[in-house]
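Asks: My questions will all concern the structure given below.
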Amino acid sequence: MSKEKQRREALLYHAKPQPGKIKIVPTKPYSTQRDLALAYSPGVAEPCLEIEKNKDDVYKYTAKGNIVAVISNGTAVLGLGNIGPEASKPVMEGKSLLFKIFADIDGIDVELDTTDVDRFIETVKTIAPTFGGINLEDIKAPEAFEIERRLKEELDIPVMHDDQHGTAIISAAALLNALEIADKKIEEVKIVVSGAGAAAVSCTRLYKSFGAKAENIVMLDSKGVIRSDRDNLTSQKEEFATDRKIDTLEEAMKDADVFIGLSIANIVSPEMLNSMAAKPIVFAMANPDPEIEYDLACKTRKDIIMATGRSDHPNQVNNVLGFPFIFRGALDVRATKINEEMKKAAVRALADLTREPVPEQVNIAYDATRLTFGRNYIIPKPFDPRLITKIPPAVAKAAMESGVARLPIQDWEKYEEELYQRSGNDNKVVRLLHNRAKVNPKRIVFAEAELLDVMKAAQIVHDEGIAIPILLGNKAIIESLKKELEFDAEVPIIDPRSDEFKEMRTAYALKLWELRKRKGETKYSARVNMGKRNYFGAMMLKEGDADGMISGYSRAYPKVLRPVFEVLGRAKNVQNASTVNIMITDRGPLFLADTSINIDPDAEELAEIAQMTANVAKTFGFNPVMALLSYANFGSSGHPHAKKVREAVKILHERNPDLVVDGEIQTDFALDPEMSNKNFPFSKISGKKVNTLVFPNLESANITYKLLKGLNNADSIGPIMVGLTRAAHILQLGASVDEMVNMAAVAVIDAQEREKRRKAKIQGE
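So the number in the numbering used here is just where the residue sits in the sequence shown, counting from 1, plus 309.
As structure tokens, this is what we get:
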């Protein structure tokens, strides 16, 4: 994607459909006059009077306890510098967004038009009663140090400058683990720190608190090594000035054990790397380009333990691993501050978490067979669902033990369950989907590439590295659309009807005739069909000329389904293919089946649909908890419609006793663990959070998923086709660009899984 194209897309993203990235939504009913009278006058007077009598009741009656102010004056915006308060607002909104999606904290951005330290501090103190915590952001040093120090002293709510402490906490956890792997002691290692800004100072202070020795540390700024005999050093730089008679980074790196980069790109050479001690630890954290490129560093030193700030390499030092969860823990005990004990607790929790077995959901997201503690895994991944249940409790306990907690937690198991429910972890499906596809992109046929929205989707999956698109259709039309969209990448364009692809079309037609000559196919009809994109695209999959296909944007589902079935057919031991839709709901993802193919499956077919749907859930890293739905509950009706569901459950229990599935059951009981536990304690799904729903017929499944999508604005991924020999997926008519992008990612993952199974089979033989 060109820089100009990227610029326009970024601007459009922030401007449409409404400006900005965050909004305020009511948390209480407001539909009746009674609701409004309670929300405002006269009812609102009652909590006001209670708070007047006891100021701490503000946490009981208002949202203060879950609101963090993201405050900046825009003087040191990452990668942009001093751009001012207004220009920094998109960044602060972005930070607020991260607070919400990772820790369910309501971040409100506040941009201050002042560079005067006293005025900044006084303003924050004046507005502090509104907030439960203060996150300082993108304030230049040395002012940032003074602002944070005084606000921590003068306010009774948590205050943290994330630019300083976020990077420090994450990198410290990574450093502790790297040192263990390298079999080195923090008290003995020689550390070089490139950079002397707020983050570098905070990182180095935190390393010292874990045992690093001042005499073993060399820090550099833009002028070179910070030496004790240099003039005009700030108090922060004086703290790390060395007595060694060295001037350059090259000299400092000789025999060093650790390099911490918080400076600028490409300042570390292979020669410098080779001069370091054995098993060097290199954290090149300059963004977007590190102090030395990851691949170059690993090529130069085979014994290196390497981390960067980038997501496309192992060991990403990412602040999102820290600040949402640190504030979560601090808010939940109403801490008066975020102190050193709390920060160090977060470090230890992150370091310890890395050494625990990694959930399959995380392995799947990063397309790893098994992530294990080692040189390529020294810090947790941002998608790890355990972060929310490990870091906040550690921080909260440290707050309580250090005497700054005003609301101690009594029941830790209950607290961890509340954290998990808060986290929205289950709703990270789309991010997991895209991330996993990018690890090993596959060739995906876009069978309707002559259409603008389809081309937009193809461009996105190409630019994002999700898939390698193959565009089917009239070449002139496709080239025109590419030009209109500034899609200038070289991607395959195939027109099945053109003379250019006559040889390919003829060969495919013969293959189709051989495949279906006893099913009414003639050589003539085969040649005609191979001029049609869905037949042609399906044959590309069958012959291994592509890995996956999506189609159906402009045609009715049955018309696209037929050529896919005729060319590809069902997988071995599958009686009927079916489809699954993943609905992204407030309660987490729901896997719904069969939403598009089987009109009225019998008990045997229903059991097969359920089993294949369970496999889809597992593919996406979820343990299926499955309800087979009906209008009846566990034998309450003798009607054949209810009996077939009951029989399907019996089949599943006999054939797969480990599968958590039950029914027949009504939807409300299935989705309410307390109701199911109270009324049906004997059930396999009693008291459990159901995430997979199998419907008795196509009518109920299709209506339900479209109702969820239309009325609740639930995002839908699907229909995901299961039971075919290849990764072909058919869109719903008029699917959105985002839905097509998601389905392309599904097709990639489907192809990845098939490739793994083929390799495993070959190895087994």
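All C-beta atoms in this analysis are idealised placements derived from N, C-alpha and C, irrespective of residue type, glycine included.
Expressed to the nearest angstrom, what Euclidean distance is found between the alpha-carbon atoms of Ala-483 and Gly-570?
Replies: Each residue's Cα considered, the two are about 14 Å apart.
Asks: Ends of the alpha helix (DSSP H) at Val-954?
Replies: Run containing Val-954: 949–964, per the alpha helix (DSSP H) assignment.
Asks: Kindly list the residues whose CB is nearer than 7 Å to the CB of Glu-914, restricted to its own chain and excluding five residues on each side of it in sequence; keep chain order.
Replies: Contacts found: Gln-884, Asn-885 and Asn-907.
Asks: In terms of residue numbering, what span does the alpha helix (DSSP H) encompassing Asp-418 cover?
Replies: Premise fails: Asp-418 lies in the beta strand (DSSP E), 415–420, not in any alpha helix (DSSP H).
Asks: Among Lys-765, Met-528 and Ala-508, whose alpha-carbon lies nearest the alpha-carbon of Leu-387?
Replies: It is Ala-508 whose Cα lies nearest to the Cα of Leu-387.
Asks: When the distance is taken between beta carbons, is Arg-657 closer than 9 Å to Tyr-515?
Replies: Before going on, a small fix: residue 515 reads as Leu here, not Tyr. Result no, Cβ atoms of Leu-515 and Arg-657 do not sit closer than 9 Å.
Asks: Am I right that Ile-786 and His-743 are in contact with their C-beta atoms under 8 Å? What's the rounded C-beta distance?
Replies: Actually they are not in contact, since the Cβ atoms of Ile-786 and His-743 sit about 28 Å apart, beyond 8 Å.
Asks: Looking at the structure shown, is Gly-506 part of a helix, part of a strand, or coil, going by DSSP?
Replies: Here Gly-506 sits in coil by DSSP.
Asks: If you follow the beta strand (DSSP E) that Ile-569 is in, where does it begin and where does it stop?
Replies: First-last of the beta strand (DSSP E) with Ile-569: 567–570.
Asks: With DSSP as the reference, label Met-935 as helix, strand or coil.
Replies: Three-state result, Met-935: strand.
Asks: Considering only C-alpha positions, which residue in the set Ala-595, Pro-623 and Ala-587 is nearest to Asp-604?
Replies: Ranking the options by Cα distance to Asp-604, first place goes to Pro-623.
Asks: Can you give me the start and stop residues for the alpha helix (DSSP H) that His-771 sits inside?
Replies: His-771 -> alpha helix (DSSP H) spans 761–772.
Asks: Just to confirm, is the Cβ distance from Glu-446 to His-470 under 9 Å?
Replies: Result yes, Cβ atoms of Glu-446 and His-470 sit closer than 9 Å.
Asks: Using a Cβ-Cβ cutoff of less than 6 Å, which residues in the same chain neighbour Gln-975 once the five nearest sequence positions on both sides are dropped?
Replies: Hits under 6 Å: Asn-942.
Asks: Thinking just about the alpha-carbon of each residue, which of Asp-415, Pro-328 and Ser-350 is nearest to the one in Lys-398?
Replies: For the residues Asp-415, Pro-328 and Ser-350, the minimum Cα distance to Lys-398 belongs to Pro-328.
Asks: Over the uninterrupted beta strand (DSSP E) stretch that includes Met-401, give me the two end residues.
Replies: Run containing Met-401: none in the beta strand (DSSP E); it sits in the alpha helix (DSSP H), 394–412.
Asks: Let me confirm a value: Ala-816 is counted as buried when at least 16 other C-beta atoms fall within 10 Å, else exposed. Which label applies?
Replies: Ala-816 comes out exposed.
Asks: In chain order, what residues of the same chain have a beta carbon less than 6 Å from the beta carbon of Ser-995, not counting five sequence neighbours either side?
Replies: So the qualifying residues of the chain are Ser-985, Asn-986 and Phe-989.
Asks: Just mark Ala-1053 as buried or exposed, buried being the case when its beta carbon has 16 or more other beta carbons within 10 Å.
Replies: Answer is buried; the Cβ neighbour count reaches 16.
Asks: Which runs of the alpha helix (DSSP H) spanning at least 4 residues fall entirely within the region 993–1038, listed in chain order?
Replies: Taking only runs of at least 4 residues, the alpha helix (DSSP H) segments lying wholly in the region 993–1038 are 1007–1020.
Asks: Can you give me the C-alpha to C-alpha distance between Asp-540 and Met-615, rounded to a whole angstrom?
Replies: Distance between the alpha carbons of Asp-540 and Met-615: 34 Å.
Asks: Note down the Cα distance separating Leu-582 from Thr-609, rounded to an integer number of angstroms.
Replies: Whole-angstrom Cα-Cα distance: 7 Å.
Asks: Starting from His-470, follow the beta strand (DSSP E) in both directions and report where the run begins and ends.
Replies: 468–470 is the span of the beta strand (DSSP E), which, as asked, contains His-470.
Asks: Cα-Cα, which of Ala-705, Ser-480 and Val-501 is closest to Cys-512?
Replies: Looking at the Cα atoms, Ser-480 is the closest of the given residues.
Asks: Can you find at least 3 beta carbon pairs, one from the region 413–427 and one from the region 348–363, that sit closer than 8 Å?
Replies: They do not touch, by the three-pair rule.
Asks: Quick one: is Asp-472 buried, meaning 16 or more other Cβ sit within 10 Å of its Cβ, or exposed?
Replies: Buried is the call here.
Asks: Report the rounded CA-to-CA distance for Leu-662 versus Ile-1026, giving the unit in angstroms.
Replies: The alpha-carbon atoms of Leu-662 and Ile-1026 are separated by roughly 31 Å.
Asks: Are the CB atoms of Ile-1039 and Ser-905 nearer to each other than 9 Å?
Replies: It is a contact, given that the beta carbons lie within the stated cut-off.
Asks: The beta strand (DSSP E) that contains Gly-442, what's its start and end?
Replies: Looking at the DSSP string, the run of the beta strand (DSSP E) that includes Gly-442 is 442–445.
Asks: Tell me, please, which residues DSSP counts as bridged to Met-892.
Replies: In DSSP, Met-892 forms a bridge with Leu-899 and Ser-1025.
Asks: Kindly indicate which three-state DSSP category Thr-617 falls into: helix, strand or coil?
Replies: Thr-617: strand per DSSP, three-state reduction.
Asks: Between which two residues does the beta strand (DSSP E) harbouring Gly-390 extend?
Replies: Run containing Gly-390: none; DSSP gives neither H nor E here.
Asks: Cα separation between Met-651 and Ala-705?
Replies: Cα to Cα, Met-651 sits roughly 8 Å from Ala-705.
Asks: Taking Cβ to Cβ, would you say Ala-798 is nearer than 9 Å to His-771?
Replies: Yes. Within cutoff.
Asks: How would you label Asp-903, buried or exposed, when you count the other beta carbons within 10 angstroms and need 16 or more for buried?
Replies: Answer is buried; the Cβ neighbour count reaches 16.
Asks: By the three-class DSSP mapping on this structure, what secondary structure does Ile-1076 have?
Replies: Nothing can be reported for residue 1076: it is not among the residues displayed for the chain, which extend from 310 to 1074.
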